[in-house]
C-alpha cells in the first residue's frame, strides 16, 4: 500500500518518534555495559571495550538500515516492522487516515499470526 501525502507526513513524524525511542533504549543498554565495567573494575579492559564498541556498531547498522534512504514506497512496510518490534504502538497510529489505519492493522494482524 502507498500512503497518501498526508499519511506520508504522519509516517515521517512517527519515524522521528521511533528513532528517539530506539536511541533512548540503546543508550540505556550502553549505560548498563559501562556500569558493569565500573562495578567489575577489571585489570584488562579490552573485553569491556569490545562489548561497548560492538553494541554501538551493531546499533548503528540497525539505524542505518531502518532509517537511511527511506523511500515513500517503503513507509507502509517500515511502519508495520516498527509495530511488530514494538518501537511503535497502536495508539501512535491515531493521526493516520482511517483507510491507512485499517490497512496497517489488517496487515499487522496477519503478520502477527505468522
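Numbering (my numbering), first residue to last: 73 to 186. Ideal Cβ placement from N, Cα and C applies to all residues, glycine included.
- Unbroken alpha helix (DSSP H) runs of no fewer than 4 residues, entirely contained in the stretch 88-175, are found at 118-139 and 147-156, following chain order.
- Taking the CA atoms as reference points, residue 144 sits about 17 angstroms from residue 165.
- The Cβ atoms of residue 156 and residue 162 lie no closer than 9 angstroms to each other.
- Taking all protein chains in view, the Cβ of residue 168 is crowded by 16 or more other Cβ atoms within 10 Å, so the residue is classified as buried.
- Shown here for residue 84: not one same chain residue has a beta carbon closer than 7 angstroms to its own, the five before and five after excluded.
- Secondary structure of residue 186 (DSSP, three-state): coil.
- Pairing residue 135 with residue 176 gives a Cβ-Cβ distance that is not under 9 angstroms.
- Residue 153 sits away from residue 82, with the two beta carbons spaced by 9 angstroms or more.
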